[in-house]
DNA sequence: CAGATTCCCTAGTGACCGCTATAGAATCGT
DNA sequence: ACGATTCTATAGCGGTCACTAGGGAATCTG
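Chains as they are written, first to last, in the numbering used here: chain A, 4 to 200; chain B, 4 to 200.
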């Protein structure tokens, strides 16, 4: 009774489909990716897509979660693993240069680019909150370094976090405009020269 | 015969309409701005809009020109007027903090944000070329300073230009995410600390 | 005034959007 | 085997997209 599922089994791999959907949304953004784009790319019919994922919005929500766990975590990991905020931000910027230009997926950061100019305010707001949450992570890590004396007492943690975020977002945009990994690495190194003693 | 125009005169101010169209495209982007958005905002019917501007694409092209001459020129002006590349970039970043957050118009830079995620590759390409042209302006001004000895001989002009562009684009994105003028000014000052001696 | 010219308004074009009703195909439990 | 269940495929829903045909309205020239 409670054993295996009944009825006709799904004819496609849900996780693989989610991956393909992620790459499509990543490249073209939320709004510019149509359901027929997705059904063509995933190789399934529209009803199958809706049965498996609900609707376009819910599918994108799942995509954002997968993206975060696979490509968006590197910042949080660095903040956790590195001994200082400066070391973490340095690692984040250098890794961003690599990730944003990895030919295995579309350039840049999906959270930064996928909901620019969408008529769906909800989706735009969701990604904006994710970006601002990252800024808050930066800020609290910097604040911890100020409290422990690693950074000068008069450091403006909020402004420094915003600076790091701005450079990251700029690097994402530049990668979408064709910047290479080496060029972004040079940007990262230059940006790090502004880090407080 | 060649005197004044014949026929019924246009019932709206073409330049004022272009201004309103600019603000709408600036806020929502190219694709997310529909013709009916525009006819509602401009207070004219669709046929009038098409008679005056051709089509959506041509209207946007005109908007980009107007935008460039009114808000996009500040970078080129600074590069021309300031004695060094460093002074120019400093002025550009500080002015960007003000312009990007001016409540008289939508936040950020239209050339950076208006064609993210559009299905119209032509429009996206046109704005990308504009951004890259700005980068080239930065680069050549920096190169001039290197040649004249104002900047060290081993300065990587291209990388430095990309750094300035990345910070600018990051500031634009941050302003769209709600950063205030003061916060962007702090970002600009921080960014300038990385400028070579 | 009349006729030519130009613009505006109503109403609609075909195409695509996100999404789904319906019916057939494939697998379950019994 | 057989019904219940779950998926897939066709076909199409109403709505919005960018865009325009057609006729009346307003201004010109003469």
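Beta carbons: idealized from backbone N, C-alpha and C, even for Gly.
Which term fits residue 209(A), buried or exposed, when burial requires 16 or more other beta carbons within 10 angstroms of its beta carbon?
Absent from the structure is residue 209(A), since the part of chain A shown begins at 4 and ends at 200.
How many angstroms separate the CA atom of residue 144(B) from the CA atom of residue 54(A)?
Residue numbering aside, residue 144(B) sits at position 141 when the second chain is read from its first letter. Residue numbering aside, residue 54(A) sits at position 51 when the first chain is read from its first letter. Cα-Cα distance, rounded: 57 Å.
Alpha carbons only, please: which of 11(B), 12(B), 73(B) and 34(B) is nearest the one belonging to residue 21(B)?
One-based indexing of the second chain puts residue 21(B) at position 18. Ranking 11(B), 12(B), 73(B) and 34(B) by Cα distance to residue 21(B) puts 73(B) first.
Hey, is the segment 143-157 of chain B in contact with the segment 76-93 of chain A, meaning 3+ C-beta pairs nearer than 8 Å?
no
Contacting residues, own chain, Cβ-Cβ under 7 Å from residue 165(A) (five flanking each side not counted):
Your numbering for residue 165(A) matches position 162 in the first chain. Closer than 7 Å at the Cβ level, and outside the excluded window around residue 165(A), lie 138.
For residue 180(A), count neighbouring Cβ atoms within 10 angstroms of its own Cβ and tell me buried if that reaches 16, exposed if not.
For the purposes of this step, residue 180(A) is taken as residue 177 along the first chain, with counting starting at 1. Buried is the call here.
Residue range of the alpha helix (DSSP H) that residue 31(A) falls in?
As a first step, residue 31(A) must be located in the first chain, where it is residue number 28. Residues 17-31.
Taking the C-alpha atoms as reference points, what is the distance between residue 125(B) and residue 118(B)?
On the second chain, residue 125(B) is found 122 positions in, with the first residue counted as 1. On the second chain, residue 118(B) is found 115 positions in, with the first residue counted as 1. Approximately 10 Å between the Cα atoms of the pair.
At a cut of 8 Å, does the segment 151-165 of chain A reach the segment 103-110 of chain B through at least three beta carbon pairs?
no
Where residue 34(B) falls: helix, strand or coil (DSSP):
Residue mapping note: residue 34(B) aligns to position 31 of the second chain, counting from 1. Of the three classes helix, strand and coil, the one that applies to residue 34(B) here is coil, per DSSP.
Would you say residue 10(A) reaches chain B, if we count a Cβ-Cβ gap shorter than 9 Å as a contact?
Indexing the first chain from 1 puts residue 10(A) at position 7. No, because no Cβ of chain B sits closer than 9 Å to the Cβ of residue 10(A).
Would you call residue 39(B) buried or exposed, if buried means 16 or more other Cβ atoms sit within 10 Å of its Cβ?
Sequence index remark: in the second chain, residue 39(B) carries index 36 (1-based). Result: exposed.
Short Cβ contact (9 Å threshold) for residue 129(A) with residue 76(A)
Here residue 129(A) corresponds to residue number 126 of the first chain, with the count starting at 1. Here residue 76(A) corresponds to residue number 73 of the first chain, with the count starting at 1. Result no, Cβ atoms of residue 129(A) and residue 76(A) do not sit closer than 9 Å.
Under 8 Å by Cβ, that's how I've got residue 70(A) and residue 175(A) pegged, so tell me the actual separation to the nearest angstrom.
Start at 1 with the first residue of the first chain, and residue 70(A) comes out as number 67. Start at 1 with the first residue of the first chain, and residue 175(A) comes out as number 172. Between residue 175(A) and residue 70(A) the Cβ distance is about 13 Å, and since that is not below 8 Å, they are no contact.
Once DSSP output is grouped into helix, strand and coil, what is the label at residue 131(A)?
Within the first chain, residue 131(A) is the residue found at index 128, counting from 1. If DSSP states are grouped into helix, strand and coil, residue 131(A) belongs with the helices.
Throw me the rounded Cβ distance for the residue 193(A) and residue 162(B) pair, which I believe falls under 8 Å.
Working through the first chain from its first residue, we reach residue 193(A) at position 190. Working through the second chain from its first residue, we reach residue 162(B) at position 159. Contact holds; Cβ gap of about 6 Å.
Let me make sure I understand the geometry here. Which of 41(B), 18(B) and 101(B) has the alpha-carbon closest to that of residue 68(B)?
Walking along the second chain from the start, residue 68(B) turns up at place 65. Selected option, being the one with the closest Cα: 18(B).
Determine the DSSP secondary structure at residue 119(B), reduced to helix, strand or coil.
To locate residue 119(B), count along the second chain from 1; it is residue 116. The answer is coil: DSSP assigns residue 119(B) none of H, G, I, E or B.
Taking the alpha carbon of residue 1(B) as the point to measure from, which residue in 123(B), 15(B) and 195(B) has its own alpha carbon closest?
Residue 1(B) lies beyond the stretch modelled for chain B, which goes from 4 to 200, so this question has no answer here.
Just the C-alpha distance for residue 46(B) and residue 59(B), rounded to the nearest angstrom, thanks.
The sequence position of residue 46(B) within the second chain is 43, counting from 1. The sequence position of residue 59(B) within the second chain is 56, counting from 1. Computed Cα separation, rounded: 16 Å.
Contact list for residue 89(A) against chain B, beta-carbon separation under 8 Å:
In the first chain, the residue the question calls residue 89(A) occupies position 86. Near residue 89(A) there are no residues of chain B at all, since even the closest Cβ is about 13 Å away, more than 8 Å.
Going by C-alpha distance, which of 187(A), 172(A), 13(A) and 127(A) is nearest residue 32(A)?
Along the first chain, read from residue 1 onward, the residue named residue 32(A) stands at position 29. For the residues 187(A), 172(A), 13(A) and 127(A), the minimum Cα distance to residue 32(A) belongs to 127(A).
Cβ distance (whole Å) where residue 169(B) is taken to contact residue 170(A) below 8 Å
The count along the second chain starts at 1 and reaches residue 169(B) at position 166. The count along the first chain starts at 1 and reaches residue 170(A) at position 167. Rounded, the Cβ-Cβ distance is 6 Å, consistent with contact.
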